[in-house]
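K.L.:
Here it is, the structure, as structure tokens.
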Amino acid sequence: MNKPIRVAVTGAAGQICYSLLPRIAAGEVFGTSTPVILQLLEIPLDKAQAALRGVGMELDDCAFPLLQDIIPSDKPEVAFRDANWVLLIGSKPRGPGQERADLLKDNGKIFIAQGRAIDAVAAEDARIAVVGNPCNTNCLIAAAQAKRLPRERFTAMVRLDQNRAVTQLARKAGVAVSAVERLIVYGNHSPTMFPDFANATISGTPVPQVITDKAWLNDTFIPTVGKRGAAIIEARGLSSAFSAANALIDHVRALLTPGPTLHSLAVHSDGSYGFTPGVWAGVPVRTTSPGTYEVVKGLVHNEFAKAKISATNAELVGERDAVRELLA
Ligand code: NAD
Ligand code: LMR
Numbered sequence: 000m001n002k003p004i005r006v007a008v009t010g011a012a013g014q015i016c017y018s019l020l021p022r023i024a025a026g027e028v029f030g031t032s033t034p035v036i037l038q039l040l041e042i043p044l045d046k047a048q049a050a051l052r053g054v055g056m057e058l059d060d061c062a063f064p065l066l067q068d069i070i071p072s073d074k075p076e077v078a079f080r081d082a083n084w085v086l087l088i089g090s091k092p093r094g095p096g097q098e099r100a101d102l103l104k105d106n107g108k109i110f111i112a113q114g115r116a117i118d119a120v121a122a123e124d125a126r127i128a129v130v131g132n133p134c135n136t137n138c139l140i141a142a143a144q145a146k147r148l149p150r151e152r153f154t155a156m157v158r159l160d161q162n163r164a165v166t167q168l169a170r171k172a173g174v175a176v177s178a179v180e181r182l183i184v185y186g187n188h189s190p191t192m193f194p195d196f197a198n199a200t201i202s203g204t205p206v207p208q209v210i211t212d213k214a215w216l217n218d219t220f221i222p223t224v225g226k227r228g229a230a231i232i233e234a235r236g237l238s239s240a241f242s243a244a245n246a247l248i249d250h251v252r253a254l255l256t257p258g259p260t261l262h263s264l265a266v267h268s269d270g271s272y273g274f275t276p277g278v279w280a281g282v283p284v285r286t287t288s289p290g291t292y293e294v295v296k297g298l299v300h301n302e303f304a305k306a307k308i309s310a311t312n313a314e315l316v317g318e319r320d321a322v323r324e325l326l327a
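All the letters of the sequence shown, read from the start, carry residue numbers 0 to 327 under numbering that gives the first Met the number 0.
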């Protein structure tokens, strides 16, 4: 057995966590040789704390052999203490008719205090993954508070968009999802995101040679992926939950598994692919050692793709400028 890993999770009584926590406790994320200590944060309202107690009871009732302890709290400084992974999910989801950026005003400030607390008390090797929307800019806000931890440790989730894109391409081509590889989502987790089909492959062949319907790729595929979150809210009356939890598991596992596979991750931009340095943008990364990644450079984009990347970058820069006062 490995040393136990401390995993802090915010929004622990919410929808996404209801699907996520049992999977972490079962060993699906950190492996079946790694005991976990769940450090669960919820807001200090009676209703939220009662719901959190209920979640704790259900986790107890699963008798997960790997679940060594559960630490519920309403204080970030308690929940994040010595955490090796911090999963920032807690925040308000959007409702029908809203864009994720509309949440910035309410959600942005959560990430200042949490960023500070992470920097103050999380483990030396802490990795942070942001899911709460708008996740790219919330990640920027949290990372701006970090003085001790390197900003590369802060990543935001565009994996759900990658997974959505993979399924759409597989359906259109009539193949299994496993046949689709190298699909990277660039930019913001918003309708401006760019799922780069041209560099993706189906059974090793570039997607445009398999799916030759260019109009479908440009005018159906891209907006379907970009607006999938809204379509789910429209259908369910609630935002995606178990698919988001599943994507976060893929995100963390990708970061734990070194190898040549390309993953879509929103990371601190170093200017690659024309993103403005300092925003958190979805780019191709590969994991070099557990928890450490590098941006994969050199993927070639045509003018259409470059224009899409430029548009999603402009939105990220606009969000950054809108929260400038939260970045001090
Ligand atoms: P939810 O409303 O079901 O749960 C959110 C929970 O967070 C609530 O229990 C709430 O009390 C808690 N919370 C709020 N502020 C908090 C704080 N400061 N500290 C700790 N907990 C806090 O929402 P959900 O469906 O679980 O979604 C959570 C977030 O994830 C939303 O912002 C949603 O838009 C986002 N999301 C992102 C993606 C993505 O792909 N990046 C996908 C799905 C959902
Ligand atoms: C999603 O993509 O499903 C989430 O970001 C929720 C939303 O607001 O769309």
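For each residue, glycine too, the CB sits at the ideal point set by N, CA and C.
Can you give me the Cβ contacts of G281 inside the same chain, cut-off strictly under 6 Å, excluding the 5 residues immediately before and after it?
P.N.:
V157, V184, Y185, G186, S263 and A265
K.L.:
Please state the DSSP three-state secondary structure of I248.
P.N.:
Helix, per DSSP.
K.L.:
Based on the DSSP secondary-structure assignment, which residues constitute the bridge partners of P205?
P.N.:
T200
K.L.:
Short of 7 Å in beta carbon distance, which residues of its chain neighbour Q14, apart from the five on each side in sequence? Order them along the chain.
P.N.:
L237 and A240
K.L.:
Report the residue ranges of all beta strand (DSSP E) runs contained in full by the stretch 164-242; include only those spanning at least 3 residues, in chain order.
P.N.:
As far as the stretch 164-242 is concerned, its whole beta strand (DSSP E) runs of at least 3 residues are 183-185 and 193-195.
K.L.:
Using 8 Å as the Cβ pair cut-off and three pairs as the minimum, do the stretch 54-72 and the stretch 91-101 touch?
P.N.:
Contact fails: fewer than three Cβ-Cβ distances are below 8 Å.
K.L.:
Rounded to the nearest angstrom, how far is the Cβ of F67 from that of P43, given a contact under 8 Å?
P.N.:
At residue 67 the sequence reads Gln, which differs from the Phe that was named. At roughly 25 Å, the Cβ-Cβ gap does not stay under 8 Å, so Q67 and P43 are not in contact.
K.L.:
Report the start-end ranges of each beta strand (DSSP E) in the stretch 74-106 that is 3 residues or longer and not cut off at the edges.
P.N.:
Unbroken beta strand (DSSP E) runs of no fewer than 3 residues, entirely contained in the stretch 74-106, are found at 84-87, following chain order.
K.L.:
So, does the stretch 187-197 touch the stretch 222-235, judging by three or more C-beta pairs under 8 Å?
P.N.:
yes
K.L.:
Taking 8 Å as the cut-off, decide whether the C-beta atoms of V129 and L87 are in contact.
P.N.:
yes
K.L.:
Just to confirm the assignment, what range does the alpha helix (DSSP H) spanning T311 have?
P.N.:
E302 to A321
K.L.:
Could you give the distance in angstroms between the alpha-carbon of A145 and the alpha-carbon of R115?
P.N.:
6 Å
K.L.:
Taking Q38 as the reference, which of P289, I70 and V28 has the closest Cα?
P.N.:
I70
K.L.:
Would the beta-carbon of S238 be found less than 7 Å away from any heavy atom of ligand 4?
P.N.:
You won't find ligand 4 in this model; what it holds is ligand 1 and ligand 2.
K.L.:
Looking at the structure shown, is V130 part of a helix, part of a strand, or coil, going by DSSP?
P.N.:
coil
K.L.:
Return the first residue and the last residue of the alpha helix (DSSP H) that Y292 is part of.
P.N.:
No alpha helix (DSSP H) holds Y292; the beta strand (DSSP E) holding it covers T291 to V294.
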